[in-house]
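**Q** Shown below is the structure under consideration.
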Amino acid sequence: AGRPSVFPDLGDIPMAPALHGLCMGLTREPPGEIMRCYFSSDKSGPPDQTGPGFVSFVIPELKITFRARYNGTAAACEYAGLLALLEFVEINPTVFEGKVLEVFGDSFDVVNQVNDRLSCRADLADYRRLALLMRERIPYTIDWIPPAENPAGPRSFSL
-12 AGRPSVFPDL
-2 GDIPMAPALH
8 GLCMGLTREP
18 PGEIMRCYFS
28 SDKSGPPDQT
38 GPGFVSFVIP
48 ELKITFRARY
58 NGTAAACEYA
68 GLLALLEFVE
78 INPTVFEGKV
88 LEVFGDSFDV
98 VNQVNDRLSC
108 RADLADYRRL
118 ALLMRERIPY
128 TIDWIPPAEN
138 PAGPRSFSL
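Counting along the sequence shown from 1, when you hit position 44 you're at 31 in my numbering, and nothing is skipped either side.
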């Protein structure tokens, strides 16, 4: 409960308690199985201006869908979606123990920055650093998925 959130700045959104509550009552699956997880975001207004948006992740195998408001640039919202997913995994270790995490996102930039295939802007460096730090604690792969195929995508938002 005293563990700080991985998010650089969530404003007044208490993310960890909301994430922790999603996993109450779930049981652990057999070890070694692949678990596919998806993240996305949506933001209105100019992409480089800070403004209201949404972050989302979906873990179909566990029937978990998470959506929250997030204030940031479009790129910051994309990273926040990934970080929300990774924080959820970290605070629910028994559910994910022995799983091989395959993470998919529809953000070409985030996926390629985390995979060291694309440079990262200075304003996103802290987000990328956190995603890489989380990879040391929770091994995962990350790949791009077309937005139309992403179950966490904005077309499924209904807040």
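In this text, a Cβ means the ideal position worked out from N, Cα and C, and glycines have one as well.
Look at the Cβ atom of N137, then the Cβ atom of Y66, and state whether they are nearer than 7 Å.
**A** Residue numbering aside, residue 137 sits at position 150 when the sequence shown is read from its first letter. Residue numbering aside, residue 66 sits at position 79 when the sequence shown is read from its first letter. It is not a contact, given that the beta carbons lie outside the stated cut-off.
**Q** Measuring CA to CA, which of A62, D110, V76, A112 is closest to D93?
**A** By one-based count along the sequence shown, residue 93 stands at place 106. Considering only alpha carbons, the answer is A62.
**Q** Using the rule of at least 16 other Cβ atoms within 10 Å of the residue's Cβ for burial, across every protein chain shown, is R142 buried or exposed?
**A** In the sequence shown, counting from the first residue as 1, residue 142 sits at position 155. Looking at its Cβ environment, which holds fewer than 16 other Cβ atoms inside 10 Å, R142 is exposed.
**Q** Helix, strand or coil: how does DSSP classify D96 here?
**A** Taking the first residue of the sequence shown as 1, we reach residue 96 at position 109. Looking at D96 - three-state DSSP - the assignment turns out to be helix.
**Q** Just to confirm my understanding: we take T128, look at its own chain, exclude 5 residues before and 5 after, and list those with CB closer than 6 Å. What are they?
**A** The residue labelled residue 128 in the question sits at position 141 within the sequence shown. If we look at T128 and ignore the five residues flanking it on each side, its Cβ neighbours are E89.
**Q** I believe F44 touches F75 by the beta-carbon criterion, under 8 Å. Please report the beta-carbon distance rounded to the nearest angstrom.
**A** Locating residue 44 in the sequence shown gives position 57, where the first residue counts as 1. Locating residue 75 in the sequence shown gives position 88, where the first residue counts as 1. Between F75 and F44 the Cβ distance is about 7 Å, and since that is below 8 Å, they are a contact.
**Q** Check E16 in the structure and name its three-state DSSP category.
**A** As a position in the sequence shown, residue 16 is number 29, starting the count at 1. Because the pLDDT of E16 is 47, which lies under 50, any placement of that residue in the model is unreliable, and the question is left without a value.
**Q** Rounded to the nearest angstrom, what separates Q36 and G59 at their Cα positions?
**A** Locating residue 36 in the sequence shown gives position 49, counting from the first residue. Locating residue 59 in the sequence shown gives position 72, counting from the first residue. One C-alpha to the other measures close to 7 Å.
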